[in-house]
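Structure representation (structure tokens):
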């Protein structure tokens, strides 16, 4: 019995509120962190850092941002990429225009700006719900990109509208190497992930879930629905903004507004649908599926089938396979990968006995 | 255990993949080209033609001469779909070489991917070739040692187009009061030249209107309605992929004559004009290389590669078209760089750093081009540490309904005007990034 709970008693409220209630979970998490911070930098290569781990972490964070809004507070949105763009461009401009501002401060200011813009586009949510709300967030998607494309001030009058990353430096340590960028991303994502866990298990998270499940009932028990919804938009956009800045600066090193187009918003939406709505872990699992699986397919097929099939056809074939897997998976487990994890945990509790 | 058991096939596939990677053997004496190609998506026509020509030229050199001085060429492809993130992934995957064969240079044929891999290329010491496109200020090799916008950078391109319009109007001074509209693709590539067009408009006194077409360019109704209102003398089409035929068709619908539309370097292929049908008749575009199969080098490719059934193109009719020939030109320049570098560093597979030296010392005059069988296909080119572009001239061609006809001699860009702008921009970049520019006067002495 790998997942035994016997002998672990919860004796006070503080213990009950811990992130991980079981000893095994705490150990596993500590091992995971040690692995991510010590082992991976020691054995990873450029390809793993630059092409796999960093985009995975950044999209996890973006998925987490949308999950707070859609999964926990029940507000549908298709404007995720727009808030990412705001975060990226705001961080760039803060860093460029405020002399001597530390990187982390620019990042937070960029996130706050995105939060502000998110709040603004969240206002319609006070009057409209569901699919109608999607349309208003879609407006954010188009409007924000239009602004960044048409006003060259935002890209420091770069003729092509592309912004490039500032020198990544934190407390005098140069982070421009792939390992440095990975560690920076990992630290930010970990901190925000833990913060999100605190938020959703606290008072605000409960309010969000109350509004999500039935806003009339929430209002009746004294929750201020407008305030709760707007906070969800602001905090979610803050997360997305930070994710956008990381996407631009630690992953690609450069970005143009159209890097944050509608298809990116869809990608983030798929991450939370596949990973699991209303689950922190789900955001990470979803991002892993969306980011890593196509890369795995492409690596496997270019290793196994190289030369046998036309490269373009091979790519189409991978797309079909990926699509088929998504459909299969959602039929089998509509609640996402997070639910698979819960089921697995449940089985491990009784293993080797059967149910 | 049941959970694992149910997914046995997945583990099997994984295991197979791992073993297939680990059983590859070490291959010696080969020079590798990582190809970030794209054969699907809205830009497939460009990608499959260009990379087809590039691969066929490498095959031709292998088949005819056994490579360069006994060093054979090898390559592998990674599909990017012209998507920046995929391009970065492919770059990181392939940059280390293949089975021990070192990578010579990367050729992404995408401005977005080039921007995203520019700093990586510099850090990895691997030349980044952006033939006919790319970041203009990377022409200044003292700041961008590893980027090569060969033949024609975007600024030279528009400058040459404006010079041609001047010629057609009877002198550059006649440009005053003319109206020119530039219809551009909404991407870094499309926007790159806007400031230069504005500068030229101020200098020559023509009225310029810049109209953006959002990616990928299927929807242009409102832009062409604006054009009808403006009634310009010329429209410069700065398109890419599907945007070009749509532009020509919409122009016909709104009654704008095709022979007053000038396509830029990525609006100049058969794949851009032919799908527009008779709307394209009379359409003018620039080119750095004519299409056609009469050049000895293309005859050679036909004999050694295509007839041997190894041609890379799926549709044999595209052999010798604009994109294909650009791929061949790109192949000639890459192979030439390896050849030049081998003279200095020895007849063996070279590192990216050594190949970069080769690129900086390419010197193609008419005699050399004749030897290569590419006289008239490639423009005379001389690169140096300070000048990573080398040429800067274009010819104009017109679509007669079924093929391109060259209608002008080489029209040169105003490189004197552009150079200070390029240097200002590259030095700004150097300052922003904390780069100390190389001293090119020293390098050139050392090379002699």
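Chains as they are written, first to last, in this note's numbering: chain B, 2 to 356; chain E, -5 to 442.
Glycine included, each C-beta is placed from N, C-alpha and C at the ideal position.
Give the C-beta separation of residue i and residue j to the nearest angstrom, bearing in mind that I take them to be a contact with Cβ-Cβ under 8 Å.
i: residue 344 of chain E; j: residue 336 of chain E; result: 7 Å
i: residue 394 of chain E; j: residue 374 of chain E; result: Actually they are not in contact, since the Cβ atoms of residue 394 of chain E and residue 374 of chain E sit about 28 Å apart, beyond 8 Å.
i: residue 116 of chain B; j: residue 236 of chain B; result: 7 Å
i: residue 63 of chain E; j: residue 341 of chain E; result: 4 Å
i: residue 58 of chain E; j: residue 298 of chain E; result: 5 Å
i: residue 135 of chain B; j: residue 51 of chain B; result: About 34 Å separates the two Cβ atoms, so there is no contact after all.
i: residue 202 of chain E; j: residue 176 of chain E; result: 7 Å
i: residue 21 of chain B; j: residue 10 of chain B; result: Not really, about 15 Å apart at Cβ, beyond 8 Å.
i: residue 34 of chain B; j: residue 6 of chain B; result: Between residue 6 of chain B and residue 34 of chain B the Cβ distance is about 23 Å, and since that is not below 8 Å, they are no contact.
i: residue 266 of chain E; j: residue 257 of chain E; result: 7 Å
i: residue 261 of chain B; j: residue 141 of chain B; result: Rounded, the Cβ-Cβ distance is 11 Å, inconsistent with contact.
Are the C-beta atoms of residue i and some chain B residue less than 7 Å apart?
i: residue 189 of chain E; result: yes
i: residue 267 of chain E; result: no
i: residue 34 of chain E; result: yes
i: residue 209 of chain E; result: yes
i: residue 16 of chain E; result: With a pLDDT of only 43 at residue 16 of chain E, under 50, the local geometry of the prediction cannot be trusted, and the value read off the model is given with reservation. It does not: the Cβ of residue 16 of chain E has no partner Cβ on chain B nearer than 7 Å.
i: residue 192 of chain E; result: no
i: residue 110 of chain E; result: yes
i: residue 310 of chain E; result: no
i: residue 28 of chain E; result: no
i: residue 239 of chain E; result: no
i: residue 186 of chain E; result: yes
Using beta-carbon positions only, say whether residue i and residue j come within less than 7 Å of one another.
i: residue 212 of chain B; j: residue 199 of chain B; result: no
i: residue 242 of chain E; j: residue 268 of chain E; result: no
i: residue 240 of chain E; j: residue 183 of chain E; result: no
i: residue 444 of chain E; j: residue 407 of chain E; result: Here chain E has residues from -5 to 442 only, and residue 444 of chain E is not among them.
i: residue 284 of chain B; j: residue 68 of chain B; result: yes
i: residue 213 of chain E; j: residue 178 of chain E; result: no
i: residue 143 of chain E; j: residue 116 of chain E; result: no
i: residue 228 of chain E; j: residue 159 of chain E; result: yes
i: residue 58 of chain B; j: residue 163 of chain B; result: no
i: residue 68 of chain E; j: residue 24 of chain E; result: yes
i: residue 121 of chain E; j: residue 339 of chain E; result: no
i: residue 261 of chain E; j: residue 296 of chain E; result: no
i: residue 388 of chain E; j: residue 284 of chain E; result: no
i: residue 95 of chain E; j: residue 253 of chain B; result: no
i: residue 372 of chain E; j: residue 154 of chain E; result: no
i: residue 382 of chain E; j: residue 133 of chain E; result: yes
i: residue 291 of chain E; j: residue 195 of chain E; result: no
With 7 Å as the threshold, decide whether the Cβ of residue i is near any Cβ in chain E.
i: residue 101 of chain B; result: no
i: residue 157 of chain B; result: no
i: residue 240 of chain B; result: no
i: residue 68 of chain B; result: no
i: residue 313 of chain B; result: yes
i: residue 119 of chain B; result: no
i: residue 163 of chain B; result: yes
i: residue 14 of chain B; result: no
i: residue 264 of chain B; result: no
i: residue 48 of chain B; result: yes
i: residue 257 of chain B; result: yes
i: residue 316 of chain B; result: yes
Taking C-beta pairs closer than 9 Å, name the residues in chain A that residue i reaches, listed in chain order.
i: residue 51 of chain B; result: This model lacks chain A altogether; the protein chains it does include are B and E.
Consult DSSP for residue i and reduce its assignment to one of helix, strand or coil.
i: residue 214 of chain B; result: helix
i: residue 5 of chain B; result: coil
i: residue 28 of chain B; result: helix
i: residue 192 of chain B; result: helix
i: residue 394 of chain E; result: coil
i: residue 436 of chain E; result: helix
i: residue 119 of chain E; result: coil
i: residue 239 of chain E; result: helix
i: residue 429 of chain E; result: coil
i: residue 130 of chain B; result: coil
i: residue 351 of chain B; result: helix
i: residue 312 of chain E; result: helix
i: residue 295 of chain B; result: helix
I'd like to confirm something about residue i: is its beta-carbon nearer than 6 Å to some heavy atom of the ligand FAD, or not?
i: residue 428 of chain E; result: The model on display carries no ligand, and the ligand FAD is accordingly not part of it.
Which ranges would you report for the alpha helix (DSSP H) in the stretch 31 to 94 of chain E if only whole runs of at least 4 residues count?
38 to 59 and 78 to 88
Quick check on the DSSP output: what are the complete alpha helix (DSSP H) runs of length 4 or more inside the stretch 52 to 121 of chain B, in order along the chain?
55 to 67 and 81 to 98
Whole beta strand (DSSP E) runs in the stretch 131 to 213 of chain E with 3 or more residues, listed along the chain?
173 to 179 and 201 to 207
Alpha helix (DSSP H) runs wholly inside the stretch 213 to 286 of chain B, at least 4 long, in chain order
216 to 221, 226 to 247 and 263 to 276
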